[in-house]
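Structure record follows, encoded as structure tokens.
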Amino acid sequence: MKERWSLYLHVPFCRTRCNYCDFVTSSKHGDLIAPYIDALCAEITITADRLIVREPVHSVYFGGGTPSLLPAAQAAKILATIRSAFELTDDAEITLETNPGDLTAERAAVLREMGVNRLSIGMQSGHDDELRLMGRRHTLADTVCAVKTARDAGFENLSLDLIFGYPNQSAAAWCESLELACALRPDHLSLYAMSIESRTPLARTIRSGKLAELSDDLLADRYDFAVDFLERRGWNRYEISNWSQDPEFESRHNKQYWKLDPYLGFGAAAHGFIAHTRTRNVLNTAAYLRRINRAGQSRSAFPAAAEIQRQSQEDEMRDTMIFGLRLLREGVDLNRFADRFGVRAEAVFADFIREHAAANRIIVADGRARLNPRCAFVSNQIFVDLI
Ligand code: SF4
């Protein structure tokens, strides 16, 4: 099958900063949005012009930050630039991450009209007190309203994000969040374990003793509860942190990463992987704008890159295993691996497969290597043996 590419667009702005967040985003963006979008469009055009080969694009992802705070006209401008720079397939998945409070009926209609066909809505919790503790701007009512608004506008592919393991989160509160999320009938769910990053306000609150971090055992309990809860309701658990109502709603864009297929990243801090090369753009927004302004001074296809790293075959084989094993349903396609690298994974990773298969942590069957789903929450302890 012909190669397909994916594009990631980073929008590093948020209205306010959530207290657990250490992403590359800023709530003090002032008048930066318009010049940033101009730079993003310039970067897309420059990269497309300078790449020797361009393949059709089958997924586009607006991530952040908070892409939903972009004026609709700015999102339309980016999509128009993509359409003139790349061939977008007719069935391209075009996702926009959305803060629940940002989705008015008018905005939803405009987004749908311009071709956005999937919204990833940051519900995070079904409890307003938890949302307040997280420093989120929205309420449960906003999420309920956003889902209805999106459906009314014709969105047939909606994903909800939830966070589990927030400090002091009770088992009952987590169960209610799951129930409330499922009651909204999304097509896709992403469940993320709260990770306490040391430089965030949340970490400082924990250090001061005002909030208690959940133990690893309790985090694992919350995850296991969600696995059982969703399994009983027939959800398709296709990746360690992701479930869909049906395989057709699995995130095409994220599967591009997990299958180590090519993608380009545009915007400050965006990552890419193309032609055996990983790229990472400069983190700082002002530095990003300067890089794009000076793009004419070089011939690089990645004018904002802070890092461009050629990947060895060993790097790619290892990453194919680590990311592929995250896909619990599909796993690593061993024949595809052999076609891609000219050597079989069973030979390259013989010790790893033998040891973990003997302990029933890896299952090799039907031409695929899969992680035993029971080991999903401790997968990093298994993947470390591949590094
Ligand atoms: S909305 Fe997302 S990116 Fe923005 S501050 Fe909150 S967690 Fe961070």
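Going by the working numbering, the first residue of the sequence shown is number 204, and it counts up by one from there. Ideal placement from N, C-alpha and C gives every residue a C-beta, glycine not left out. Keep in mind it's a predicted model, so treat the numbers as computed, not measured.
Next on the checklist: Please classify Glu400 as buried or exposed, where buried requires at least 16 neighbouring CB atoms within 10 angstroms.
Outcome noted: exposed
Item to check | Arg321 burial status per 10 Å Cβ neighbour count (16 or more: buried) | outcome: buried
Checklist entry - So what does Glu442 bridge to, in DSSP terms? => result Asn445
Next on the checklist: Residues in the same chain with beta-carbon distance under 7 angstroms from Leu405, minus the five sequence neighbours each way, listed in chain order, please.
Outcome noted: Asn222, Tyr223, Ile399
Next on the checklist: Could you check whether the Cβ of Asn487 sits closer than 7 angstroms to any heavy atom belonging to ligand 1?
Outcome noted: no
Next on the checklist: Are there any heavy atoms of ligand 1 lying less than 7 angstroms away from the beta-carbon of Phe226, as far as the coordinates show?
Outcome noted: yes
Checklist entry - Taking DSSP as the reference, what is the three-state secondary structure of Val214? => result strand
Item to check | Classification of Pro303 by the beta-carbon crowding that lies within 10 angstroms, buried from 16 upward | outcome: buried
Next on the checklist: Tell me the rounded alpha-carbon separation between Glu453 and Glu558.
Outcome noted: 31 angstroms
Checklist entry - Is the closest heavy atom of ligand 1 to the C-beta of Thr523 under 7 angstroms? => result no
Item to check | Simplified DSSP state of Tyr426, which is helix, strand or coil | outcome: helix
Checklist entry - What residue from Phe580, Leu343, Leu528, Glu296 has the CA that sits closest to Ile556's CA? => result Leu528
Checklist entry - Could you give the distance in angstroms between the alpha-carbon of Thr298 and the alpha-carbon of Phe265? => result 6 angstroms
Next on the checklist: By the three-class DSSP mapping on this structure, what secondary structure does Met520 have?
Outcome noted: helix
Checklist entry - Which runs of the beta strand (DSSP E), 3 residues or longer, sit entirely within the region 444-488? => result 445-447, 466-469, 474-477, 480-484
Checklist entry - What residues are listed by DSSP as bridge partners for Ser323? => result Glu300, Ser362
Next on the checklist: Which residues does DSSP list as the beta-bridge partners of Leu291?
Outcome noted: Val260
Next on the checklist: Since Ser362 and Ser323 should fall inside the 8 angstroms C-beta cutoff, what is the C-beta to C-beta distance between them, to a whole number of angstroms?
Outcome noted: 4 angstroms
Next on the checklist: Considering only their Cβ atoms, is the gap separating Ala295 from Val260 smaller than 8 angstroms?
Outcome noted: yes
Checklist entry - Tyr369 bridges to which residues according to DSSP? => result Answer is none; Tyr369 lacks a bridge partner.
Checklist entry - Apart from the five residues just before and just after Asp267, which ones in its own chain have a Cβ nearer than 8 angstroms to its Cβ? => result Per the sequence shown, the amino acid found at residue 267 is Gly instead of Asp. Excluding positions up to five away in sequence, the list reads His213, Val214, Pro215, Phe216, Cys217, Phe226, Thr228, Glu300.
Checklist entry - Using the C-alpha atoms, what's the distance from Arg340 back to Thr219? => result 8 angstroms
Checklist entry - Is any heavy atom of ligand 1 found at a distance shorter than 7 angstroms from the C-beta of Asn302? => result yes
Checklist entry - Based on the DSSP secondary-structure assignment, which residues constitute the bridge partners of Ile285? => result In the DSSP output, where bridge partners are listed per residue, Ile285 has none listed.
Item to check | Own chain residues within Cβ distance below 8 angstroms of Arg564, not counting five before or after | outcome: Leu574, Asn575, Cys578, Ile585
Item to check | Asp223 - containing beta strand (DSSP E), residue span | outcome: Residue 223 is actually Tyr in this sequence, not Asp. Run containing Tyr223: none; DSSP gives neither H nor E here.
Checklist entry - Got a sec: does ligand 1 put a non-hydrogen atom nearer than 7 angstroms to the Cβ of Cys269? => result The question names Cys, but residue 269 in the sequence shown is Thr. Because some heavy atom of ligand 1 lies under 7 angstroms away, the Cβ of Thr269 counts as near it: yes.
Checklist entry - What is the DSSP secondary structure of His341, reduced to helix, strand or coil? => result coil
Checklist entry - Since Ile255 is in the beta strand (DSSP E), which residue starts that stretch and which ends it? => result Note, Ile255: premise wrong, no beta strand (DSSP E); not H, not E.
Checklist entry - Smallest Cα separation from Thr292: which of Ala353, Arg207, Leu387, Asn360? => result Arg207
Item to check | Supposed close pair Ala478, Tyr211 - CB separation, criterion 8 angstroms | outcome: About 16 angstroms separates the two Cβ atoms, so there is no contact after all.
Item to check | Thr346 at chain B interface by Cβ criterion, 8 angstroms | outcome: No chain B is part of this structure, which consists of one protein chain only.
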